[in-house]
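S.K.:
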Amino acid sequence: MNRNIGSNFDDFLADEGLLAKAEAVAVKRVIAFQIQQMMEERHLSKSAMARLMNTSRTAINRLLDPDNPSVTL
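Right, dumping it as structure tokens:
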């Protein structure tokens, strides 16, 4: 007997109009994690990363915060 009854979770999110937002949040979390890992590997501080990206440390903090939806990539 099939234990999976009904649609999958992606279908549910799409039906609720939430799929695009959920995917965007997931992508941002992955990118933030990858940037953080790269910074640690290269021993870069947030201030140094901000200088390399020609931005502020505050912008880097927002970029690296996986729960901050205000940053668009």
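Going by the working numbering, the residue at position 53 of the sequence shown is 725; the numbering climbs one at a time, nothing skipped.
For each residue, glycine too, the CB sits at the ideal point set by N, CA and C.
Please read all numbers here as calculations on a predicted model, not as lab measurements.
Return the first residue and the last residue of the alpha helix (DSSP H) that E713 is part of.
M.R.: If you number the sequence shown from 1, residue 713 lands on position 41. L691 to E713 is the span of the alpha helix (DSSP H), which, as asked, contains E713.
S.K.: From R729 to H715, what does the alpha carbon distance come to, in whole angstroms?
M.R.: The sequence position of residue 729 within the sequence shown is 57, counting from 1. The sequence position of residue 715 within the sequence shown is 43, counting from 1. Taking the straight line from one Cα to the other gives about 16 Å.
S.K.: Would you report the Cα separation of F684 and T727, rounded to the nearest angstrom?
M.R.: Within the sequence shown, residue 684 is the residue found at index 12, counting from 1. Within the sequence shown, residue 727 is the residue found at index 55, counting from 1. Cα to Cα, F684 sits roughly 39 Å from T727.
S.K.: Can you tell me the Cα-Cα spacing of R723 and A686, whole angstroms?
M.R.: Translated into the one-based positions of the sequence shown, residue 723 becomes position 51. Translated into the one-based positions of the sequence shown, residue 686 becomes position 14. Approximately 40 Å, taken between the alpha carbons.
S.K.: Determine whether the beta carbon atoms of P738 and K700 lie at a separation below 8 Å.
M.R.: As a position in the sequence shown, residue 738 is number 66, starting the count at 1. As a position in the sequence shown, residue 700 is number 28, starting the count at 1. Against a cut-off of 8 Å, the Cβ pair of K700 and P738 comes out as a contact.
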